[in-house]
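Student: Protein chains in written order, with this note's numbering: chain D, 10 to 796; chain Z, 1478 to 1723. Just so you know, even glycine gets a beta-carbon here, dropped at the ideal spot from N, CA and C. Note that this is a predicted model, so its numbers are computed, not measured.
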Amino acid sequence: MAMLHRKLLRDVFHMSGQAVSIALVIACGVASFVAMRAMYRSLLRSQADYYAQYRFADVFAELKRAPLAVASRIREIPGIAQAEQRVQMDVTLDVPGLDEPAVGRLISIDPRQTRGLNALFLRQGRYTLAGADNEVIASEAFARANQLQPGSRLNAVIRGRWQQLTIVGIALSPEYIYEIRGGGSLFPDNKRFGVLWMSIDALEAALDMQGAFNSITVSLQPHAVQADVLAQMDRVLDRYGSLGAYGREDQISHRFISDEISQNRVSANIIPAIFLAVAALLVHLSFSRLVNMQRAEIAVIKAFGYSNWQVGLHYVQFSLLVAFAGYLLGCAVGWAFGIRLASIYAEFYRFPILVYRPEPGIFLWAGLITAATAIAGAAGAVRRAAALPPAEAMRPERPTQFRPRLVDRMNLRWISPALRMTLRNIERRPWRAIASAFAICCAVMIVVVEFGLFDALDRMMQLQFRDAQREDIAVTLNEPHSARVRFEVAGMTGVIRSEPFRAVPVRIRYGHRWKRTTLLGLERDSQMRRPIDQYGRSAAIPASGLMVSTALAQALHAAPGATLTVEVLEDRRTVQDVQLAGTVDELLGTSAYMDLYALNRILQEDHSISGALLQVDAGRRQSLYRELKTLPAVASVSVKETVIRSFQDTINRSMAISLGTLMVFASVIAVGMIYNGARIALSERARELATLRVLGFTRQEITFILLAEQAFITMLALPFGFIAGYALCAELAVLLRTELYRMPVIVQPASYAWAFLIVLGAAVASGLLIRRRITKLEIVTVLKAGE
Amino acid sequence: MADATTSSVQDESNVVFHVHSVSKTYQTGDVKVEALRSVQLDLAAGEFVVFLGPSGSGKSTLLNILGGLDTPTSGDVRFRDHWLSQADDAGLTRFRREHVGFVFQFYNLIPSLTALENVALVTEIAERPMNPREALRLVGLNERLNHFPSQLSGGEQQRVAIARAIAKNPDILLCDEPTGALDFPTAKLVLDVLAHINQELHTLVAVITHNTAIADMADRVIRLRSGEIVQIARNARRARPEELVW
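Structure representation (structure tokens):
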């Protein structure tokens, strides 16, 4: 082994504490890069593979009822590769073990069809037999949430009659990777919503749809123009009560997953970048000090004839060696963390296989980035080492120069000499202090952002479920009924108050832009549904005209006062111009609101309602549920509390892992920085501290003097970290914004407190580590060494 | 000049330091170094002693033990009622804080504190300190109080170091090669300050040096070689610093 290499290894060993802390920060950066980037790539790949293998359709349309011949006309549309008609219907389910009624979406499948679109992946059990009129295949998330197995039975109200269904299989579908019902309910509630696939003949018979269909899915030829296909399909299907054909981008499960995956990409870029920036800073600070300390050695090496290049390379290798250790650890931790992440995602998204298999390219990239970080961090120090003329290097480093500066112009008589030393040290090396403060700032920021994201979710839940949706139960009828139904509902057991609503699928146009959404008609003095903006202010529903969410207005490029065209996608399919009376900055979805009676007028109907919002006596819920289950007119019942709970469960699980991990990461940064800073200070000020010991200062006192600088910098960094955390939350709110989902910018005091506590903990831990060093400080030896 | 027979202190009642068969062995790796071997010594209050000896003679080790920076491997060291040989780190720290002033060859001032602040640093933790300005006046530095060490000459820095050492009104002033880094006129100035302190404040002053010329200004001269005291001599007359020549 070359002697320089031997020196390298011994030096690394000698400064092992610092080397370890740098390596750990690098490991965090690499781990987060590997885990998140690979997760992002794995999700993309799993999604693409799944879609391709199971032939996820490109275009979807739901309609009232059309004869089979219409499907043939659809197949003739140029650009369509394959079209499959089917029958589907949402029905009320009585699930064993579940008090409240659930909603099942019955979808027909053709057991004879082998290359059909949206093919099922059978996890358990078998396919339904042709002709078996009570066999269904259940979606996995729903089956799991309700502990249903092949062989389990449940009851469904189909066309007003109770029918017993037997589960014969459990399956996944590319259409329901995210099992969300859609149409206003944007949270998965796997206990109360599931998909049930049934043989086509059986379902047609049950729904009285022989020779007809009410849903069609289509795959496109490679170069087809989707917009053209949609337009032509609409032309054919319009008279059959179509709600309008739509592409994958409006398919709710696809949209949620695609949004989530792209959000993953955002964090996969930001978080590793923060760590690697801090790592570069740490390398820079440590190596600058190292080169200063090794001036004499550098001189000797050069005097013996080693070239500047060799000396420079020596320090680059040093930095790379430390970085490499961090890289290896980071890859291992990242891999393990990725597997954990994948298991969480697998809960959320039902892919047949969600393989977390990082591509070799990711490790290669991580390696290159790590090397670049290490080299960039060491560059300054290496340049100085290379440039050092041997003769000058032999002379000791110039003594520390102090002159009266800012600190001295202020009147500092009241502060102790120890504190004065601290302030002057910081002032003399402002860039170093700023670099340290920056790193601590990053640690604080990471914690604030992570907690802030959960604060935002919490706030979103609050706004959505406490302020906007104030009902306990929303009952949806299977078709619009006369407003009299409202009084029947109001008379049911345990109902304290009820309010009617009318919900219609519509297409809203403005100029050449259009959006599909559900237009919700509410009574103007509605107490149970109030459009709420992101600050919790409720917006009154206008007496005439539309109110839409800001996101919808933006998507249409429409401002209040604009005249929008509302195309009703139901029954009479009226088309009417309506003025946009106002917008409300809602966080979720793209909603449109109107006065109930104004909406009735547009629909050219008497007071019809789609359902009712109920306030319920908690003690008599069970009997109400029982009653509701038996009502044929009730299509679905949505119990708010349970939706909240299931959402909260998911959040809590992912919170536990991501918070835990990021807190560890943030602590590593904070400890890495504070410990390193203190180590550098200790090596520079060893003589000074030894002198103080001789003068009679106790260990505690000099520990305090040494750490005061780090403490001061940490305190200074905290508020900036809070600000940066808030700013990053605001930035993320913009980056992670989707049409369905907008994040409020809110950071609770508790989140700042957590950040403070974690950094404080890290500072104390570093302090304890350093204390051990101070205890070992050899007073006499240090003093003997001349300057 | 040196009288080998009057090696002990003149007035037994005045003795503050008892050093009784003190040995110190350093173990570095496999190498064992005997820095001191059965050293026997008494020092009296108000004395001015000079330790002479070549490198490695053990004089610094002895001074460190006297100053509570180090403990002997065997033997007893007692300062009045402090048993230094048995004290723990906290005890030694307290001893240094209350009784000892140190002056080093390389001054060891805190670079980030001004002259006045370097002195004040010590007076803040002392029990009965003098005013820092008074200490600086005693060493003849009443002008440059607010200068940082890097703005002072070597002699000035050493005088600040002495002011810092005496500001706590120590019982003992221990000086390790105080003039080693100074030129001749500056060194004499510093020695003058030491003599002055010894006479004015009756502080026991112990100076380690290579420089035999300095020995003339001591009450007693203690020569060490290979960890042993080879001679203790009493000067009949203490030379004044300005008389010294080297």
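With 16 as the cutoff for other CB atoms within 10 Å, does D/Tyr634 come out buried or exposed?
Tutor: By one-based count along the first sequence, residue 634 of chain D stands at place 625. Buried: at least 16 other Cβ atoms inside 10 Å.
Student: Any idea if D/Gly730 is buried or exposed, counting beta-carbon neighbours within 10 angstroms, 16 or more meaning buried?
Tutor: Your numbering for residue 730 of chain D matches position 721 in the first sequence. Flag for D/Gly730 reads buried.
Student: I need the boundaries of the beta strand (DSSP E) containing D/Ile424, first residue and last residue.
Tutor: Your numbering for residue 424 of chain D matches position 415 in the first sequence. Premise fails: D/Ile424 is in no beta strand (DSSP E) and is neither H nor E.
Student: Name the one or two DSSP bridge partners that D/Gly591 has.
Tutor: Residue 591 of chain D sits at position 582 when you count from the first residue of the first sequence. Looking at the DSSP assignment, D/Gly591 forms a beta bridge with D/Met556.
Student: Locate the beta strand (DSSP E) running through D/Gln624, then write down its first and last residues.
Tutor: Sequence index remark: in the first sequence, residue 624 of chain D carries index 615 (1-based). 617 to 625 is the extent of the beta strand (DSSP E) around D/Gln624.
Student: Which whole-angstrom value is the C-beta distance of D/Val292 and D/Ala395, which I expect to be below 8 angstroms?
Tutor: Here residue 292 of chain D corresponds to residue number 283 of the first sequence, with the count starting at 1. Here residue 395 of chain D corresponds to residue number 386 of the first sequence, with the count starting at 1. No, D/Val292 and D/Ala395 are not in contact; Cβ-Cβ is about 17 angstroms, not under 8 angstroms.
Student: What do you get for D/Ala759, buried or exposed, if any count of 16 or more other CB atoms within 10 angstroms of its CB means buried?
Tutor: The sequence position of residue 759 of chain D within the first sequence is 750, counting from 1. Classification for D/Ala759: exposed.
Student: By alpha-carbon positions, which one of D/Asp67, D/Val743, D/Ile788 ends up nearest to D/Pro231?
Tutor: Your numbering for residue 231 of chain D matches position 222 in the first sequence. Nearest C-alpha to D/Pro231: D/Asp67.
Student: Could you compute how far the alpha carbon of D/Ala639 sits from the alpha carbon of D/Gly500?
Tutor: The residue given as residue 639 of chain D occupies position 630 in the first sequence. The residue given as residue 500 of chain D occupies position 491 in the first sequence. Reading the sequence as shown, one finds Thr at residue 639 of chain D and not Ala. Their backbone Cα atoms lie some 15 angstroms apart in a straight line.
Student: Identify whether Z/Ser1723 lies in helix, strand or coil by the three-state DSSP scheme.
Tutor: The sequence position of residue 1723 of chain Z within the second sequence is 246, counting from 1. Here the sequence assigns Trp to residue 1723 of chain Z, which means Ser is not the residue at that position. Coil, per DSSP.
Student: Given a cut-off of 8 angstroms on the beta-carbon distance, is the pair D/Ala165 and D/Leu174 in contact?
Tutor: To locate residue 165 of chain D, count along the first sequence from 1; it is residue 156. To locate residue 174 of chain D, count along the first sequence from 1; it is residue 165. Yes.
Student: Looking at the structure shown, is D/Tyr750 part of a helix, part of a strand, or coil, going by DSSP?
Tutor: Here residue 750 of chain D corresponds to residue number 741 of the first sequence, with the count starting at 1. Looking at D/Tyr750 - three-state DSSP - the assignment turns out to be strand.
Student: Does the CB of Z/Ala1612 have a neighbour CB from chain D at under 8 angstroms?
Tutor: Reading the second sequence from its first residue, position 135 is the one you call residue 1612 of chain Z. No, Z/Ala1612 lies away from the interface with chain D (no Cβ there is under 8 angstroms from its Cβ).
Student: Among the candidates Z/Arg1574, Z/Leu1618, Z/Ser1534, whose CA atom is the shortest distance from the CA of Z/Gly1544?
Tutor: By one-based count along the second sequence, residue 1544 of chain Z stands at place 67. Ranking the options by Cα distance to Z/Gly1544, first place goes to Z/Arg1574.
Student: If I follow the unbroken alpha helix (DSSP H) through D/Asp20, where does it start and stop?
Tutor: Counted from its first residue, the first sequence places residue 20 of chain D at position 11. Here the alpha helix (DSSP H) through D/Asp20 covers 12 to 23.
Student: Can you tell me the Cα-Cα spacing of Z/Asp1553 and Z/Val1493, whole angstroms?
Tutor: Within the second sequence, the letter at position 76 stands for residue 1553 of chain Z. Within the second sequence, the letter at position 16 stands for residue 1493 of chain Z. Rounded to whole angstroms, Z/Asp1553 to Z/Val1493 spans 14 angstroms at the Cα level.
Student: Does the beta carbon of D/Gly686 come closer than 8 angstroms to any beta carbon on chain B?
Tutor: No chain B is present in this structure, whose protein chains are D and Z.
Student: Within 8 angstroms of any Cβ in chain D, is that where the Cβ of Z/Asn1585 sits?
Tutor: Counting from 1 along the second sequence, the entry for residue 1585 of chain Z is found at position 108. Z/Asn1585 counts as touching chain D.
Student: Less than 8 angstroms between CB atoms is the rule here; does Z/Ala1573 satisfy it with respect to chain D?
Tutor: Counting from 1 along the second sequence, the entry for residue 1573 of chain Z is found at position 96. The amino acid at residue 1573 of chain Z is misidentified as Ala; the sequence shows Arg. Closer than 8 angstroms: yes.
Student: Considering just the uninterrupted stretch of the beta strand (DSSP E) at D/Met603, what are its terminal residues?
Tutor: Your numbering for residue 603 of chain D matches position 594 in the first sequence. Start and end: 601 to 604.
Student: For D/His521, which three-state DSSP category applies?
Tutor: Locating residue 521 of chain D in the first sequence gives position 512, counting from the first residue. Reduced to three states, the DSSP call for D/His521 is coil.
Student: Using only CA atoms, which one of D/Arg516, D/Val575, D/Pro197 lies nearest to D/Glu356?
Tutor: By one-based count along the first sequence, residue 356 of chain D stands at place 347. Comparing Cα-Cα distances from D/Glu356 to each of D/Arg516, D/Val575, D/Pro197, the minimum goes to D/Pro197.
Student: Could you check what DSSP says for D/Asp586 in three-state terms: helix, strand or coil?
Tutor: Position 577 of the first sequence, counted from the start, is the residue given in the question as residue 586 of chain D. Residue state, collapsed to three classes: strand.
Student: State the start and end residues of the unbroken beta strand (DSSP E) segment that holds D/Val648.
Tutor: Taking the first residue of the first sequence as 1, we reach residue 648 of chain D at position 639. Unbroken beta strand (DSSP E) run through D/Val648: 643 to 648.
Student: DSSP puts D/Val458 in a beta bridge; with which residues?
Tutor: Within the first sequence, numbered from 1, the residue matching residue 458 of chain D stands at position 449. Note: D/Val458 sits in no beta bridge, so no partner.
Student: Does the distance from the CB of D/Gly530 to the CB of D/Asp580 come in under 8 angstroms?
Tutor: As a working mapping, residue 530 of chain D is identified with position 521 in the first sequence. As a working mapping, residue 580 of chain D is identified with position 571 in the first sequence. No.
Student: Does the beta-carbon distance from D/Val145 to D/Leu205 come in below 8 angstroms?
Tutor: For this step, residue 145 of chain D is matched to residue 136 along the first sequence. For this step, residue 205 of chain D is matched to residue 196 along the first sequence. Cβ atoms of D/Val145 and D/Leu205: closer than 8 angstroms.
Student: Relative to the C-alpha of D/Val7, which candidate in D/Asp476, D/Val100, D/Val34, D/Tyr59 has its C-alpha closest?
Tutor: Because chain D spans 10 through 796 in this model, residue 7 of chain D falls outside it and cannot be assessed.
Student: Rounding to the nearest angstrom, what Cα-Cα distance links D/Tyr735 and D/Ile443 in this structure?
Tutor: For the purposes of this step, residue 735 of chain D is taken as the residue at position 726 of the first sequence. For the purposes of this step, residue 443 of chain D is taken as the residue at position 434 of the first sequence. Near 20 angstroms, if we compare the C-alpha coordinates of D/Ile443 and D/Tyr735.
Student: Closer than 9 angstroms by beta-carbon distance: list the chain Z residues that pair up with D/Met469, in chain order.
Tutor: Against the first sequence, residue 469 of chain D aligns to sequence position 460. Residues of chain Z passing the Cβ test: none, with the nearest at roughly 52 angstroms.
Student: Starting from D/His490, follow the beta strand (DSSP E) in both directions and report where the run begins and ends.
Tutor: Translated into positions along the first sequence, residue 490 of chain D becomes position 481. First-last of the beta strand (DSSP E) with D/His490: 482 to 491.
Student: For a test of the three-state rule: what should DSSP assign to D/Ile186, helix, strand or coil?
Tutor: The sequence position of residue 186 of chain D within the first sequence is 177, counting from 1. Coil at D/Ile186, not helix or strand.
Student: Please classify Z/Val1508 as buried or exposed, where buried requires at least 16 other C-beta atoms within 10 Å of its C-beta.
Tutor: Here the question's residue 1508 of chain Z lines up with position 31 in the second sequence. Result: exposed.
Student: Mind listing which residues of the region 1596 to 1611 of chain Z have their C-beta closer than 9 angstroms to chain D's C-betas, in chain order?
Tutor: The residues in question are Ala1597, Leu1598, Val1599, Glu1601, Ile1602, Ala1603.
Student: Listing by chain order, which chain D residues have their CB less than 8 angstroms from the CB of Z/Phe1579?
Tutor: By 1-based counting over the second sequence, the position of residue 1579 of chain Z is 102. Here the neighbours are Val703, Leu704.
Student: Start and end of the alpha helix (DSSP H) containing D/Phe765?
Tutor: As a position in the first sequence, residue 765 of chain D is number 756, starting the count at 1. Start and end: 758 to 785.
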